[in-house]
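**Student:** Take this structure first; my questions come after.
2 protein chains.
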Amino acid sequence: MPRAGLSTARVVELALEELDDGDICAWDTLTLAAVAARAGVAVPSLYKHVRGLDALRVSVAVVCIDQLTAALAQVPPGPQVVRDLAVTTRAFAHAHPGRYGATQAAWATDPAATEAHQAAARTVETLVAALTAANVPQDHRIDAVRALRAAVHGFVLLELSGGFGLAEPVDTSFDYLVKHLLQGLVQRADN
Amino acid sequence: MPRAGLSTARVVELALEELDDGDICAWDTLTLAAVAARAGVAVPSLYKHVRGLDALRVSVAVVCIDQLTAALAQVPPGPQVVRDLAVTTRAFAHAHPGRYGATQAAWATDPAATEAHQAAARTVETLVAALTAANVPQDHRIDAVRALRAAVHGFVLLELSGGFGLAEPVDTSFDYLVKHLLQGLVQRADN
DNA sequence: CAGTCTTGGCTAATGGCATTAGCTTTGTGG
DNA sequence: CCACAAAGCTAATGCCATTAGCCAAGACTG
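Chains L and F, in that order, are what the protein sequence lines are. So the mapping is simple: this note's numbering equals the position in the first sequence, first residue as 1, plus 68. So the mapping is simple: this note's numbering equals the position in the second sequence, first residue as 1, plus 68.
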């Protein structure tokens, strides 16, 4: 029997493919069986490269979080930063729903998922830097990052998991949310 | 062997207890085995009262959604409505994380979960009514409801699933989010 | 070039879960 | 008192993760 030539990196890669074939919940339903099938290998073989399903999930999450961070880091500074960060995040979620789901998934409650938490911290740093450049006052910067993340994440989540009724156009609602939130954050960030 | 005296309602009740013992993700990890253990009954016995795990999940979700709707419906009208709706939702999530999780869970992507969707529609109706009373103009009412839901849900989700670093106080951030979002929604809802 | 040893694959076995089939007992209503 | 529906049960199937232990591929050494 010829070897499949797997490696830890390759297994993670295959898991990402699996994620890309799924929806925003794909992270939760990711399965070693599916990855093994993709690799053309028996399930236990994966344990030669990965400690188990949980560990694989964390590795996958880290890749996804870093990818999102990279996208956010490319947003140019300027008066539109905050809006652009929101739009970029949403665009990422639309382009890669499975990966976006992984960036905000259940690893957060797992204290053992150190690497994922660190990766998430890098995302937050990127956002803080952008808000700093956008003149959000120091003492409300954390509040502003949280508000931005919460608003965008909540929206994307509801949108991609069918939480909105099908009727009204969603893009308009997103613009509305971002615009009005921004009026608060940036222009009136004095109190 | 004496009968356990189960019924559909009782099984749902036990599932709710199970939910109440868990965190915000409890809905996803709800298991027939756990419910059966609580009932003091073998797992297959539950099938006499419930069609299966998915059906039980939907029933449970409906109860939780309706409970949230009821809480929201009790918010008195007035200039503070929108803020109070946000605060009430968050308070519900804090008091019953498991149940809150059920109100925004994976049933949304399941077209077969008609009852849950209908219950969610009732929640939205309640919110629309409140925003109408708060003078949010007709043509942006849906946008406003979506913005409100997204912001609050995103915040609560990040908060309860450890998405926020442990440092800064969270209540302040929530106040900040709601206050600034409101400035947009209510006072400047003209464009 | 031959022998060895690491490594990456395998099968088999265990245990948790949901679900289905089919049996038995309970207890109610005729 | 008997019959039958309902509510339990056990057994079996199938999917999943995980562990243990086997075997072959192939790289490295002498």
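Built from N, CA and C at the ideal position, the CB exists for glycine as well. The model shown is predicted, which means the values in this text are computed figures rather than measured ones.
As a quick exercise: from F:S113, F:E86, F:A219, pick the residue whose alpha carbon is nearest that of F:C132.
**Tutor:** F:E86
**Student:** Identify which residue in L:C93, L:V143, L:A181, L:K116 has its Cα closest to the Cα of L:V130.
**Tutor:** L:A181
**Student:** Please check the pair L:A215 and F:S241, which I expect to be a contact at CB under 8 Å, by giving their CB distance rounded to whole angstroms.
**Tutor:** Approximately 7 Å separates the beta-carbon atoms of L:A215 and F:S241; this is inside 8 Å, confirming the contact.
**Student:** Using a Cβ-Cβ distance cut-off of 9 Å, determine whether F:C132 contacts chain L.
**Tutor:** The beta carbon of F:C132 sits no closer than 9 Å to any beta carbon of chain L.
**Student:** What's the C-alpha gap between L:Y244 and F:V213?
**Tutor:** Here the C-alpha atom of L:Y244 lies approximately 11 Å from the C-alpha atom of F:V213.
**Student:** Is any beta-carbon of chain F found at less than 9 Å from that of L:F232?
**Tutor:** Yes, L:F232 lies at the interface with chain F (some Cβ there is under 9 Å from its Cβ).
**Student:** Report the residue ranges of all alpha helix (DSSP H) runs contained in full by the region 148-196 of chain F; include only those spanning at least 4 residues, in chain order.
**Tutor:** 149-163, 165-171
**Student:** Within the continuous alpha helix (DSSP H) that includes L:E236, where are the two ends?
**Tutor:** Note, L:E236: premise wrong, no alpha helix (DSSP H); not H, not E.
**Student:** So which residues on chain F does L:H208 lean against when the C-beta distance must stay under 8 Å?
**Tutor:** Y244
**Student:** Measuring alpha carbon to alpha carbon, tell me which residue in L:A202, L:L121, L:V111, L:A163 is nearest L:D96.
**Tutor:** L:L121
**Student:** For F:E193, return the contacting residues in chain L, with the cut-off set at a CB-CB distance below 9 Å.
**Tutor:** Residues of chain L passing the Cβ test: none, with the nearest at roughly 11 Å.
**Student:** Should the region 143-150 of chain F be regarded as contacting the region 200-212 of chain F, the criterion being three or more beta carbon pairs within less than 8 Å?
**Tutor:** yes
**Student:** Going by CA-CA distance only, name the one from L:Q135, L:A173, L:T177, L:D178 that's closest to L:A159.
**Tutor:** L:Q135
**Student:** Quick check on this structure: which residue in L:C93, L:A187, L:I92, L:R71 has the alpha carbon closest to the alpha carbon of L:S127?
**Tutor:** For the set L:C93, L:A187, L:I92, L:R71, the Cα lying nearest the Cα of L:S127 is the one of L:A187.
**Student:** Against F:S75, what residues of chain L qualify as contacts under a CB-to-CB distance less than 8 Å, listed in chain order?
**Tutor:** Chain L residues near F:S75: none, gap ~31 Å exceeds 8 Å.
**Student:** Pick out the complete beta strand (DSSP E) segments inside the region 74-114 of chain L, 3 residues or longer, and give them in chain order.
**Tutor:** none
**Student:** Could you list which residues in chain L have their beta carbon closer than 7 Å to that of F:E236, in chain order?
**Tutor:** I210
**Student:** Is the beta carbon of L:R167 sitting closer than 9 Å to the one on L:D91?
**Tutor:** no
**Student:** In angstroms with no decimal places, state the Cα-to-Cα distance between L:I210 and L:Q251.
**Tutor:** Straight-line Cα distance between these residues: approximately 17 Å.
**Student:** Just to check, is the beta-carbon of L:D91 closer than 8 Å to a non-hydrogen atom of the ligand ATP?
**Tutor:** Absent from the structure shown: the ligand ATP. Ligands present: none.
**Student:** So, for F:F232: in the same chain, excluding its five sequence neighbours on each side, which residues have a beta-carbon less than 8 Å away from its beta-carbon?
**Tutor:** L226, V238, S241
**Student:** Do L:V118 and L:T157 come within 9 Å of each other at the CB atom, strictly closer than that value?
**Tutor:** In this structure, L:V118 does not lie closer than 9 Å to L:T157 by Cβ.
**Student:** By DSSP, does L:A139 sit in helix, in strand, or in coil?
**Tutor:** helix
**Student:** So that I know if they touch, is there some Cβ in chain F lying closer than 9 Å to that of L:T177?
**Tutor:** For L:T177, the nearest CB of chain F lies under 9 Å from its own CB, placing it at the interface with that chain.
**Student:** DSSP state of F:R214, grouped into three classes?
**Tutor:** helix
**Student:** How close, in whole Å, do the beta carbons of F:L124 and F:V80 come, if the pair is a contact with beta carbons under 8 Å?
**Tutor:** 7 Å
**Student:** Looking at F:A72 and F:V109, is the spacing between their C-beta atoms short of 9 Å?
**Tutor:** yes
**Student:** With 9 Å as the threshold, decide whether the Cβ of L:H248 is near any Cβ in chain F.
**Tutor:** yes
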